[in-house]
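Here's the structure we're looking at; comments come further down.
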């Protein structure tokens, strides 16, 4: 039972354009959501998070949107850069563990 | 501040053997979680330790076990290895329970286990 789903395994975006990565969850008890970025041969690194009391959080080029009624969150990267090419994982937390999605591989091309 | 350290980085074992992986969390972090990453499966939660106690466990067979020491270092053990156990095993530490504010977990580089 995959409680956190990233239905797009890959995404390809041109440099300078917007990248939108999506994530859906099923458990309404989740109250904190995070995005992690992972390069090959490295552990995931924390990118941005959002509490369930908010619907938007920005940090530079990265913005996360949360739609609780739809149980959906998205990560927007504007403008996309080649260095953003990585696998992005969304994660959700309800009590005391993080549940991760399967990841979306983002490729930003020149 | 040193990051999360996992040893060894790479490991090759034979089916049926057992293996122990080690994780040293960031100083001051008391929560250590373990994840298995395989292609197409994302990060699957194995278990979480907090102050030497296992607080949460994922849906893995009993061959997977762990422990945490008083200095918060953690070990994960897999007995009777199967080919399907080949994966990247990641350890993450945080200063408090995951969930809620400041729940960011910091990951190590992982241990790549290959079972042949």
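Chains as they are written, first to last, in our numbering: chain L, 1 to 110; chain B, 111 to 226. C-beta atoms are modelled at their ideal positions from N, C-alpha and C, and glycine is treated no differently.
In the DSSP assignment, find the beta strand (DSSP E) that holds residue 158 of chain B and state where it starts and stops.
Position 48 of the second chain, counting from 1, holds the residue named residue 158 of chain B. Looking at the DSSP string, the run of the beta strand (DSSP E) that includes residue 158 of chain B is 152-160.
According to DSSP, residue 25 of chain L sits in a beta bridge with which residue or residues?
For the purposes of this step, residue 25 of chain L is taken as residue 25 along the first chain, with counting starting at 1. In DSSP, residue 25 of chain L forms a bridge with L:4.
Would you please verify whether the beta carbon of residue 142 of chain B is less than 9 Å from any beta carbon of chain L?
Mapped onto the second chain, residue 142 of chain B falls at position 32. For residue 142 of chain B, the answer is no, since every Cβ of chain L falls outside 9 Å of its Cβ.
Determine whether the beta carbon atoms of residue 174 of chain B and residue 156 of chain B lie at a separation below 9 Å.
On the second chain, position 64 is the one that residue 174 of chain B refers to. On the second chain, position 46 is the one that residue 156 of chain B refers to. Yes, they are a contact pair.
Can you give me the C-alpha to C-alpha distance between residue 59 of chain B and residue 185 of chain B, rounded to a whole angstrom?
This structure leaves residue 59 of chain B out entirely; chain B is present only between 111 and 226.
What residue from L:22, L:7, L:108, L:34 has the CA that sits closest to residue 84 of chain L's CA?
The residue you call residue 84 of chain L lines up with position 84 of the first chain. Of L:22, L:7, L:108, L:34, the residue nearest in Cα terms is L:108.
Give the DSSP-derived three-state secondary structure of residue 193 of chain B in the structure shown.
Counting from 1 along the second chain, the entry for residue 193 of chain B is found at position 83. DSSP places residue 193 of chain B in helix when its eight states are reduced to three.
Could you tell me the boundaries of the beta strand (DSSP E) in which residue 144 of chain B lies?
The count along the second chain starts at 1 and reaches residue 144 of chain B at position 34. Start and end: 141-148.
Beta carbons nearer than 8 Å to chain B: which residues of the region 54-69 of chain L have them?
Hits within the stretch: zero.
Using C-beta distances below 7 Å, list every residue in its chain close to residue 81 of chain L, excluding the 5 sequence neighbours before and after it, in chain order.
Locating residue 81 of chain L in the first chain gives position 81, where the first residue counts as 1. So the list reads 15, 108, once near-sequence residues are dropped.
So, are the CB atoms of residue 77 of chain L and residue 20 of chain L less than 9 Å apart?
Walking along the first chain from the start, residue 77 of chain L turns up at place 77. Walking along the first chain from the start, residue 20 of chain L turns up at place 20. For residue 77 of chain L and residue 20 of chain L, yes; Cβs fall inside 9 Å.
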